[in-house]
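Chains as they are written, first to last, in this note's numbering: chain A, 774 to 919; chain B, 2 to 179.
Report on the structure given below.
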Amino acid sequence: MSEELKFPDRASKTGSDSLSESEKVVVRAAYLPPIEAASADAYWAGLERRIMSRVRAEGAVESGWWAELVPWARIGLAAAGVMFAAAGLINQQIVAADKNIASYESVVDSAAPEALLSSDEPFASQYGSAEDDATAVRFFLTSQGR
Amino acid sequence: MRIPDEERALAEAARAGDQDAFAGLVRTHQRRAYLVARAIVTVHEDAEDAVQEGFVRAYQALDRFDSSQSFGAWVNRIVANAALDIARRRKVRTTEQLSDALQSPFRDPAVDAELGRRLAQALAKLPERARSVIVLHDVEGFTHAEIGEMLGIPGGTARSDLHHARQKLRGLLKDLRD
């Protein structure tokens with residue numbers, strides 16, 4: 774039994790399994806705009822006017838592939854601005870932290886053991902203390918400095 | 002394929018900025034473009050939107066159009082892409098809505114009304130791509146390769162979709178057989 778539809782002028786006559794001519798006519802009619810045949814020309818003229826109206830309004834604005842990038846470029850610029858500001862803030866904080874460390878180190882360096890050693894040497898020699906005593910004093914003073 | 006001199010001249014003038022020449026191209030190709038769009042989106046209003054969007058995109062891309070090629074084939078591909086975009090965005094329509102969309106209130110008296118109603122119902126039950134392929138091939142006469150280019154699928158897939166669509170359509174209409 775044939776699986777093909779049996780319409781009077783069906784396509785099997787031509788050896789093809791495509792839709793028959795009557796089916797094509799029906800399907801084509803179903804896919805036409807829902808307008809009366811008498812007003813078809815007016816419909817197409819109207820569609821042409823609407824297309825050209827949009828072409829005049831939008832057509833000339835963007836004329837190349839790079840135009841596709843414009844909306845993304847705006848987003849990219851905004852993101853770059855935010856990142857630049859954040860980077861500046863972070864950099865400022867790093868500089869401030871470096872300054873604090875430098876100040877701290879300068880204070881620590883000024884109270885270094887060498888400075889204390891040189892200052893207590895006259896004391897040790899003046900009182901003729903034993904070397905162990907001088908070492909103990911140096912240790913004590915150094916520990917106080919920290 | 003030989004491109005008519007008039008079409009080539011219109012395309013070149015349009016590319017040079019002549020909007021009247023572009024209007025001439027719209028006039029010549031909008032009916033076929035509408036059928037391409039309608040085969041994809043089924044609903045008339047969506048097809049109109051796709052045609053308008055497609056021609057605007059084509060106008061914006063005229064500098065990339067090779068005037069040794071057919072303007073119609075080129076614009077049909079662009080319109081098909083616009084229709085596919087609309088089809089992806091829109092909500093899923095029911096079989097009843099699609100069937101209604103395929104039944105024009107203004108019937109051609111030459112068209113068998115019962116056959117039209119049954120075909121509309123059967124087409125509405127086909128998967129979206131199968132419906133597009135069968136209409137574009139069997140009704141509009143596009144080749145598998147052209148349909149593949151328009152729908153973004155290989156030509157072989159269009160051929161196989163067409164085979165399955167025909168089988169399914171015949172299954173849906175088998176009670177109409179003698």
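We put the beta carbon where it would ideally sit given N, CA and C, even for glycine.
- The alpha carbon of Ile154 of chain B has as its nearest neighbour, out of B:Asp6, B:Ala121, B:Arg78, the alpha carbon of B:Arg78.
- Listed by position along chain A, the residues whose Cβ is nearer than 8 Å to that of Asp113 of chain B are Ser795, Val799.
- Pairwise C-beta distances place the region 795-807 of chain A in contact with the region 131-141 of chain B, as three or more of them are shorter than 8 Å.
- The DSSP-derived three-state label of Lys92 of chain B is coil.
- It is roughly 7 Å from the alpha-carbon of Ile148 of chain B to the alpha-carbon of Ala159 of chain B.
- By the neighbour-count criterion, in which a residue is buried when 16 or more other Cβ atoms sit within 10 angstroms of its Cβ, Met151 of chain B is buried.
- With contacts defined by Cβ atoms closer than 8 Å, Ile41 of chain B and Ala74 of chain B do not form a contacting pair.
- Closer than 8 Å to the CB of Leu820 of chain A there is at least one CB belonging to chain B.
- Pro807 of chain A is positioned such that its CB atom lies no closer than 8 Å to that of Tyr35 of chain B.
- Closest in C-alpha terms to Gly117 of chain B, from the list B:Ser100, B:Lys126, B:Leu127, B:Ile135, comes B:Ser100.
- Phe143 of chain B counts as buried, since at least 16 other C-beta atoms from the protein chains shown sit within 10 angstroms of its C-beta.
- It is roughly 43 Å from the alpha-carbon of Ala102 of chain B to the alpha-carbon of Gly849 of chain A.
- In the structure shown, the three-state DSSP call for Thr43 of chain B is coil.
- Taking the Cα positions, Ile874 of chain A is about 17 Å away from Ile863 of chain A.
- Residue range 813-827 is occupied by the alpha helix (DSSP H) that includes Asp814 of chain A.
- Ranked by how close their Cα comes to the Cα of Ala22 of chain B, the residues A:Gly819, A:Ser791, A:Met825 have A:Met825 in first place.
- Bounds of the alpha helix (DSSP H) holding Gly149 of chain B are 145-152.
- Contact of Gly832 of chain A with chain B by beta-carbon distance below 7 Å involves Val57, Tyr60, Gln61.
- Just measuring C-alpha positions, the residue of B:Gln20, B:His165, B:Ala81 sitting nearest Pro128 of chain B is B:His165.
- Comparing C-alpha distances from Ser791 of chain A to each of B:Gln168, B:Arg90, B:Val52, B:Gly18 shows the shortest one belongs to B:Gln168.
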